[in-house]
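Going left to right, the sequence shown walks through residues 3 to 318 as our numbering numbers them.
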Amino acid sequence: MTDNPQPLGGNELPRFGGPGTFMRLPGTTSLDDLDVAVVGVPFDLGTSLRPGARFGPRGIRNDSILIRPYNMATRAAPFDSLRIDDTGDVATNAFDKNDSIDRIDSHYRDLLDHDVIPVSLGGDHTIALPILRSITAKHGPVGLIHVDAHTDINDEMFGEKIAHGTPFRRAVEEGLLDCDRVAQIGVRATGYAADDFDWSRDQGFRLVQAEECWHQSLIPLMEEITEKVGGGPVYLSFDIDGLDPAYAPGTGTPEIGGLTVAQGLEIIRACHGLDLVGCDLVEVAPVYDQTGVTTFTAANLVYEMLCVLPGVERRA
Ligand code: MN
Ligand code: MN
């Protein structure tokens, strides 16, 4: 038996009751005693079209009651292997985007003063910028696996330098990324110029448009991607709109022709063995989620991230 913090089991208290933390974790463990912190970032002041991702953390936590602790596909035992707890939400400023970014930055710097891997529940994709700033302050420039319908490398949006479509442009400018170890997967649809995606390629990113993923397993692709991004610390940023709106309609800027849930799982499971120093799951906006499938899927993807963190054992 382990004394690690454990999700509350459905045989101890029915799964429709109990705490509102991710997977009904205790939510009380000191940061000094943790390996992994699940953090909510309720923020959507960086969205350009449909807001609502401020309710993402609450929605993901709510549907995480459906998840059990052991992974039947990979035999991963994350809660036996690592000390994982839900450390609550960042106190964002509902009235001020830039102050919120500073608050997120300072929250993550405090977190990373402790030896924890942050797994973040967004929030819109703007949050990746302050998180990456804090992570690279500790680990140096990181490799990146970025799953998204969009490249999020705009120079500005409506004159704003910080928004949910700009975090990876700023990250490059600020030296947060090891550009030879970056992959963007699932990007697609329409842009404001035909060469919109070329800026990513010019930085040395491996850009995988959704069409390259259609109708096939992504296991071979991920062998190439993990080879490219490995060899140093890696951050995984998963925008739920990388998935097709058939599976994830509850998001602000959906695009047709996206990844399947199985492909999303293949991407995350292939990260096993990488030196992951942080992960996020962003852009879940429950208000557009007519059936609840988006929050349910997102909660499971966050669980799958926990299953591939360094130190997680796979039971024989
Ligand atoms: Mn995004
Ligand atoms: Mn997106």
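Glycine included, every Cβ here is placed at the ideal spot set by N, Cα and C. Since this is a predicted model, take the numbers as computed values, not measurements.
Out of the options, state which residue places its alpha-carbon closest to the alpha-carbon of residue i.
| i | options | result |
| --- | --- | --- |
| Phe81 | Phe240, Gly90, His148, Ile69 | Ile69 |
| His127 | Cys215, Asp112, Ala151 | Ala151 |
| Pro9 | Gly54, Thr299, Asp182, Tyr72 | Tyr72 |
| Ala139 | Asp46, Gly313, Thr297, Gly280 | Gly280 |
| Asp282 | Asp98, Tyr194, Val295, Ile133 | Ile133 |
| Arg26 | Ile67, Glu306, Gly42, Leu311 | Ile67 |
| Met224 | Cys215, Ala248, Ile269, Pro251 | Ile269 |
| Pro59 | Arg317, Ala287, Ala79, Gln292 | Ala287 |
| Val189 | Arg183, Glu162, Gly206, Val149 | Val149 |
| Arg183 | Asp197, Phe57, Asn156, Gln205 | Gln205 |
| Val325 | Asn13, Pro222, Gln218 | Limits of the chain in this structure are 3 at one end and 318 at the other, which puts residue 325 out of reach. |
| Phe199 | Glu226, Cys215, Arg171 | Arg171 |
| Asp291 | Phe57, Ser239, Glu14 | Phe57 |
| Leu228 | Arg271, His116, Glu175 | At residue 228 the sequence reads Thr, which differs from the Leu that was named. Measuring from the Cα of Thr228, the nearest candidate turns out to be Arg271. |
| Lys163 | Leu131, Glu214, Asn302 | Leu131 |
| Ile221 | Tyr249, Gln265, Tyr194 | Gln265 |
| Asp197 | Val295, Ala300, Thr153, Ser239 | Thr153 |
| Leu303 | Ser239, Ala318, Thr293 | Ser239 |
| Tyr110 | Asp98, Gly167, Ile187, Arg135 | Arg135 |
| His166 | Tyr194, Ile187, Arg52, Phe97 | Arg52 |
| Leu33 | Pro16, Thr4, Asp112 | Asp112 |
| Met159 | Leu47, Val210, Asp98, Ala250 | Leu47 |
| Thr293 | Ala318, Tyr249, Met307, Ala301 | Tyr249 |
| Trp216 | Val295, Ile187, Phe97 | Ile187 |
Could you name the residues of the same chain whose beta carbon sits closer than 7 Å to that of residue i, not counting the 5 residues immediately before and after it, in chain order?
| i | result |
| --- | --- |
| Pro28 | Pro7, Asp87 |
| Pro312 | Asp277, Leu278 |
| Asp101 | Asn95 |
| Thr297 | Gly61, Ile62, Asn64, Asp65, Gly252, Val286, Pro288, Asp291 |
| Thr4 | Asp82 |
Who are the near neighbours of residue i in its chain, counting only those whose CB is closer than 6 Å to its CB and skipping five residues on each side?
| i | result |
| --- | --- |
| Val326 | Nothing about residue 326 can be reported from this structure: the residues present for the chain run from 3 to 318 only. |
| Val284 | Gly124, Gly125, His127, Asp241 |
| Ser108 | none |
| Tyr305 | Ile69 |
| Gly11 | none |
| Ser83 | Gly313, Val314, Glu315 |
| Val210 | Ile187 |
Between residue i and residue j, which are expected to be in contact by the criterion C-beta below 8 Å, what is the C-beta distance as a whole number of angstroms?
| i | j | result |
| --- | --- | --- |
| Val236 | Val144 | 6 Å |
| Arg55 | Gly125 | Just to set this straight, residue 55 is Ala in the shown sequence, not Arg. The Cβ separation is near 6 Å, so the contact holds. |
| Thr49 | Arg316 | Actually they do not touch by this definition, with Cβ atoms about 38 Å apart. |
| Ile119 | Phe45 | Between Phe45 and Ile119 the Cβ distance is about 21 Å, and since that is not below 8 Å, they are no contact. |
| His185 | Phe207 | It should be pointed out that residue 185 corresponds to Ala in this sequence rather than to His. About 7 Å separates the two Cβ atoms, so the contact holds. |
| Gly244 | Leu261 | 5 Å |
| Ile155 | Trp201 | 5 Å |
| Ala78 | Cys309 | 4 Å |
Spatial neighbours of residue i within its chain, please: CB distance less than 8 Å, with the 5 preceding and 5 following residues excluded, ordered by chain position.
| i | result |
| --- | --- |
| Arg85 | Asn6, Pro7, Thr31, Asp35, Leu36, Asp37, Val38 |
| Phe18 | Ile67 |
| Pro247 | Thr253, Pro256, Glu257, Ile258, Gly260 |
| Asp398 | The structure shown has nothing for residue 398, since the chain only spans 3 to 318. |
| Glu213 | Arg190, Gly259 |
| Asp117 | Asp37 |
| Leu114 | Pro120, Ser136, Ile137, Ala139, Lys140 |
| Asp91 | Val41, Gly42, Val43, Pro44, Pro59 |
Using a threshold of 7 Å, is the CB atom of residue i nearer than that to any non-hydrogen atom of ligand 4?
| i | result |
| --- | --- |
| Glu158 | Ligand 4 is not among the ligands present in this structure, which contains only ligand 1 and ligand 2. |
Would the segment 256 to 275 count as touching the segment 227 to 240 if we require 3 or more Cβ pairs under 8 Å? Cβ pair count under 8 Å is three or more, so yes.
Requested in this report: Take every Cβ of the segment 14 to 33, pair it with every Cβ of the segment 250 to 265, and state whether three or more of those distances are shorter than 8 Å.
Outcome: Contact fails: fewer than three Cβ-Cβ distances are below 8 Å.
| task | Would you mind listing the alpha helix (DSSP H) stretches within the segment 131 to 172 that are 4+ residues and don't spill past its ends, in chain order? | result | List check, alpha helix (DSSP H) in window: nothing returned.
* Cβ contact check for the segment 133 to 147 and the segment 169 to 189: 3 or more pairs under 8 Å -> With the rule of 3 Cβ pairs closer than 8 Å, the segment 133 to 147 counts as touching the segment 169 to 189.
Item to check | beta strand (DSSP E) runs contained entirely in the segment 24 to 75, provided each spans 3 or more residues | outcome: For the segment 24 to 75, whole beta strand (DSSP E) runs of length 3 or above, ordered along the chain, are 38 to 43.
Practice task
Please go through the segment 208 to 236 and give each complete alpha helix (DSSP H) segment of 4 or more residues, from N-terminal end onward.
Solution key: Complete alpha helix (DSSP H) runs here, min 4: 221 to 231.
For the segment 177 to 210, which segments carrying the alpha helix (DSSP H) assignment without a break, of at least 4 residues, lie completely within its bounds, in sequence order? Counting whole runs of 4 or more residues, the segment 177 to 210 contains the alpha helix (DSSP H) stretches 200 to 204.
Open item on the list: Please give me, in chain order, every unbroken run of the alpha helix (DSSP H) with length at least 4 that falls completely inside the segment 257 to 284.
Closed with: As far as the segment 257 to 284 is concerned, its whole alpha helix (DSSP H) runs of at least 4 residues are 263 to 271.
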